[in-house]
Structure formats: structure tokens, C-alpha cells
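Below is one structure, written out as C-alpha cells; the observations come after it.
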Amino acid sequence: MAKHRLQFDFTEEALNQLNELREAAGLPNRAEVIRHALRLLHWLLEEVQGNKAKLFIEKNGKCYEVAFPFWKTDDEKIAEKEQTAGDYEPWPDGRTDV
125 MAKHRLQFDF
135 TEEALNQLNE
145 LREAAGLPNR
155 AEVIRHALRL
165 LHWLLEEVQG
175 NKAKLFIEKN
185 GKCYEVAFPF
195 WKTDDEKIAE
205 KEQTAGDYEP
215 WPDGRTDV
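Going by the working numbering, the first residue of the sequence shown is number 125, and it counts up by one from there.
As C-alpha cells, then:
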């Protein structure tokens, strides 16, 4: 498998987070943190997109649904498109074509 070199610009805060994650996960380097994060993100997207499944975490005997406010379900994307489809200003001469 071919390897490709990438370069990222991180803020000081993001770099600190990356280093903390590396230590907490016991990974040998920051590249492995990124690889693990990619695998996790890929798995999460496969599980929760398309309204296929919801993700739950059990903690202290209680079950919590994990919400990802920055990811929209397919239903939310469709509803958003339908809502914004009618949000346009008519032409000054009264035409309604877009």
C-alpha cells in the first residue's frame, strides 16, 4: 500500500489535545491518533448516517443517546432542503421562477 505524506496546521490547543489523546490511548505517535480517529469516524458515520442506527453509551447504570449536533440525519437534510426551497425573493417584476 502506497503511503502519502500530509501536513497539518494545528493550533496550540489542538496540538495539546492530540498529544493528550496519544498519551491516554497509549499510542506510539500522533499519526496513530489520526489513524484511529479516522477509523472511528468512518465507523460512526456508517452506523448513524441514513437513520440506520443510534449510538448509546451506558454510564453509571444509565443509558444515554449520543447526539452529534454537527451531523445531520438524512431526514434532517431533506427537511432543511424542503424548508429552504421556498425561501426566495420573487423577481422585482413579480416573476416567481428561480
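No residue lacks a Cβ here, since even glycine has one placed at the ideal position from N, Cα and C.
(1) From ARG146, GLU137, ILE158 and GLU204, pick the residue whose C-alpha is nearest to that of ARG129; which is it?
(2) Taking the alpha-carbon positions, what's the CYS187 to ALA126 distance?
(3) I'd like to confirm something about ARG129: is its beta-carbon nearer than 6 Å to some heavy atom of the ligand COA, or not?
(4) Please give me, in chain order, every unbroken run of the beta strand (DSSP E) with length at least 3 that falls completely inside the stretch 167-202.
(5) Helix, strand or coil for LYS127, going by three-state DSSP, please let me know.
(6) Whose C-beta lies closer than 7 Å to the C-beta of ASN140 among residues of the same chain, with five residues either side of it excluded?
(7) Just to confirm before moving on: does the CB-CB distance between ILE181 and VAL172 stay below 7 Å?
According to the structure shown:
(1) ILE158
(2) 42 Å
(3) Ligands are entirely absent from the displayed structure, and the ligand COA is therefore not among its contents.
(4) 180-183 and 186-189
(5) coil
(6) none
(7) no
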